[in-house]
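Each remark here refers to the structure printed beneath this line.
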Amino acid sequence: MSLPFNLPAPSNLVYFQSDNHNRNLLGCYGHSIVQTPHLDRIAARGARFSNAYAASALCCPARASIATGQYPHQSHLWDNAIVYDGSLPSWMHRLADRGWDVVSIGKLHYRAAEDNNGFTDEIIPMHILNQKGGVAMLLRGAGEEQVHIGQWELYLDRSGTGTSYYQDFDRKVTQQAIRWLTENGKRQGKPWVLHVSYPSSHPPFSVPERLFDLYPVEEMPLPPAFAPGDRPEHPAIQYLRKLMDTKELTPDDLQRIAAGYYGLITHLDEQVGEVMTTLDTLELTEDTRVLYTTDHGEMHGSHGLLGKCNLYEGAIAVPLLMAGPGIPEGMVVDGITSHVDLFPTLVESSGVAMDAVDASLPGQSLWPALEGETEHRVGFAEYHAAMSLNGSFMLREGDLKLIYHVDMPCQLFDLAHDPDEVDDLAGHVEMAGTVARLETQLRAICNPEVVDRQAKADQFAKMEYWGGKEAVLAEGQLVITPPPGIEAEITGR
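All the letters of the sequence shown, read from the start, carry residue numbers 8 to 500 under my numbering.
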């Protein structure tokens with residue numbers, strides 16, 4: 008297959024994956040408070056993508072899209088109960104088929120390690136609970152009221168000094184990554200990808216005192232549009248806020264949450280730094296590519312929301328950094344990019360073009376952008392999971408962003424003049440043509456109503472598979488996925 012750009016020379020890769028990292032909260036993305044020197048170093052040594060998006064604002068569907076290069080409406084992997092099980096080809100399968108070692112350490116959030124997920128080895132893998140995951144969200148497929156998730160205790164009562172089993176697991180992931188690199192990093196003859204995946208910066212935002220004290224609570228900035236009078240209200244967001252059960256967040260609440268969250272991001276950065284130092288020590292840095300991204304963002308109080316589960320920028324925008332051979336230093340790519348672009352990008356990092364069988368995937372290789380080429384494209388994401396009544400879809404063209412809600416009013420924002428998404432333009436008469444034009448582009452990608460029905464049908468079928476409504480209700484609401492060996496936290500039983 009001939010390509011209009013030059014394929015990179017093959018190079019080993021360390022792929023850092025985190026969880027729940029708001030794109031704005033890194034030094035290299037312009038934040039003046041959060042300390043992320045090691046991630047900033049990756050950006051300085053390589054490229055920063057300023058407009059990257061997850062495919063969905065929840066862990067499992069977002070991670071499935073990274074693996075498969077398909078959006079949820081294509082893969083039918085909608086939520087944290089209908090998840091990736093290795094049956095669809097992944098970029099990991101493709102590189103393994105080409106003779107690469109593709110090794111994972113840490114959180115994957117797929118169905119099970121027993122599945123052929125494409126990795127040649129999974130070290131301390133973290134997958135969904137009991138191969139079932141968060142089955143309570145399947146209730147949306149039957150039109151049932153979903154179980155309250157109890158985010159108040161998770162975010163507020165556990166933000167502060169302390170520790171959590173997620174941070175303990177982060178340290179285990181780092182130790183295993185250092186061990187693997189020390190034992191295998193310099194071997195010759197077989198290229199490798201090391202996928203190093205942390206559960207941080209997912210809540211709880213409880214961190215050691217030395218990290219919490221880096222961010223004096225009383226000095227923490229307040230998130231935009233957190234107060235009722237300062238934010239647009241929408242029925243989808245009101246429903247989300249109701250099921251989160253977070254009440255109204257006070258400035259004191261939000262400053263304490265911010266101090267814990269910032270401290271957790273710095274903890275995550277330190278873990279990345281330890282692995283990067285190992286590359287330096289082993290003299291592997293110059294010959295090894297490094298990639299960093301997260302699965303989705305975190306609202307941390309913006310719009311009165313905690314967590315994700317919506318298509319505002321705080322939840323769906325993601326950091327994306329790449330450095331190493333073939334990647335220009337200090338480059339900023341401003342074009343719209345997506346997590347589905349990682350499939351072709353990673354496959355072509357082997358120095359060989361994508362197979363023809365993958366030509367229909369929606370993602371675009373990032374290698375042309377890294378050569379300085381620019382291409383106009385729209386951004387797309389979708390959501391069909393926890394704490395939502397109906398499907399929602401994002402279409403971004405330039406600075407204009409449409410959020411289309413099935414059977415609810417749509418929203419329209421101009422991100423150039425309104426990056427915090429507080430001025431909804433959809434109801435302005437003069438914007439009717441713009442809304443119609445963006446909706447037409449959205450419908451060229453998928454039919455929202457058809458996709459919404461399909462998602463709910465699949466969720467209803469999975470609910471019946473697990474014994475029906477009463478059985479799912481008896482399971483309760485899984486608060487967060489536990490690492491291996493840790494008892495699950497369940498509410499709503």
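Note that the Cβ used here is the ideal one computed from N, Cα and C, for glycine as well.
By DSSP's assignment, N191 forms no beta bridge with any residue.
Shortest Cα-Cα distance from P326 to any of C35, M283 and E355 involves C35.
The three-state reading of DSSP puts P132 in strand, counting E and B together.
Under the 8 Å Cβ criterion, the region 37 to 48 does not count as touching the region 337 to 351, having fewer than three qualifying pairs.
In the three-state DSSP reduction, A88 falls in the coil class, being neither helix nor strand. Within the region 417 to 451, the runs of beta strand (DSSP E) that reach at least 3 residues and sit entirely inside it are, in chain order, 418 to 421.
A straight-line Cα-Cα distance of about 7 Å links D348 and L373. Listed in chain order, the beta strand (DSSP E) runs fully inside the region 315 to 356 are 327 to 330 and 338 to 345, counting runs of at least 3 residues. Within its own chain, the residues whose Cβ lies closer than 8 Å to the Cβ of H28, once the five positions on either side in sequence are excluded, are S208, I272, L275, T301, G304, E305, V325 and P326, listed in chain order.
A contact is defined here as three or more CB-CB pairs under 8 Å, and the region 190 to 205 meets this definition with respect to the region 99 to 118. Here DSSP, grouped into helix, strand and coil, assigns V110 to strand.
Rounded to the nearest angstrom, the gap between the Cα atoms of Y246 and P17 is 48 Å. The alpha carbon of L432 has as its nearest neighbour, out of E240, M133, E494 and F126, the alpha carbon of E240. Between H307 and I264 the beta-carbon gap is near 6 Å, inside 8 Å, which marks them as a contact. Measuring C-alpha to C-alpha distances from I73 to each of N137, H346 and R248 identifies H346 as the nearest. In the DSSP assignment, L402 forms a beta bridge with F387 and L409. By the criterion of a C-beta distance shorter than 8 Å, F467 is surrounded in its chain by L145, G148 and A149, once the five residues flanking it on both sides are discounted. By alpha-carbon distance to E293, the top candidate from R55, I49, L14 and E277 is I49. Beta-bridge annotation (DSSP): N19 is paired with T295.
Inter-segment contact for the region 466 to 484 and the region 116 to 134 is absent: fewer than three beta-carbon pairs are separated by less than 8 Å.
From the listed residues Q461, E404 and P455, the smallest Cα separation to T441 is found for E404. Taking a C-beta distance under 8 Å as the contact criterion, L353 and W187 do not qualify as a contact pair. Pairwise C-beta distances place the region 385 to 399 in contact with the region 82 to 95, as three or more of them are shorter than 8 Å. Collapsing the DSSP output to three states places W374 in a helix. Here L485 carries a strand assignment [DSSP, helix/strand/coil].
DSSP places L201 in the strand class (E or B) of the three-state scheme. Here A184 is not near M227, since their CB atoms are 8 Å or more apart.
In the DSSP assignment, A59 falls outside any alpha helix (DSSP H) and within the unbroken beta strand (DSSP E) covering G53 to Y60.
Using a Cβ distance threshold of 8 Å, W473 and V142 count as a contacting pair.
Proximity of the region 415 to 433 to the region 241 to 260 meets the contact definition, three or more beta-carbon pairs being nearer than 8 Å. Rounded to whole angstroms, D108 and A51 show a C-alpha spacing of 28 Å. Put simply, of T170, T344 and L250 the residue whose alpha carbon is nearest the alpha carbon of L396 is L250. Around the Cβ of P68, a 10 Å sphere holds 16 or more other Cβ atoms; the residue is buried. Secondary structure note for Q245: its alpha helix (DSSP H) is the uninterrupted segment P242 to M251. Relative to F219, the option among Y268, P79, S57 and E129 whose CA is nearest is Y268.
Cβ neighbours of E281 within its own chain (closer than 7 Å, five residues either side excluded): T181 and I185.
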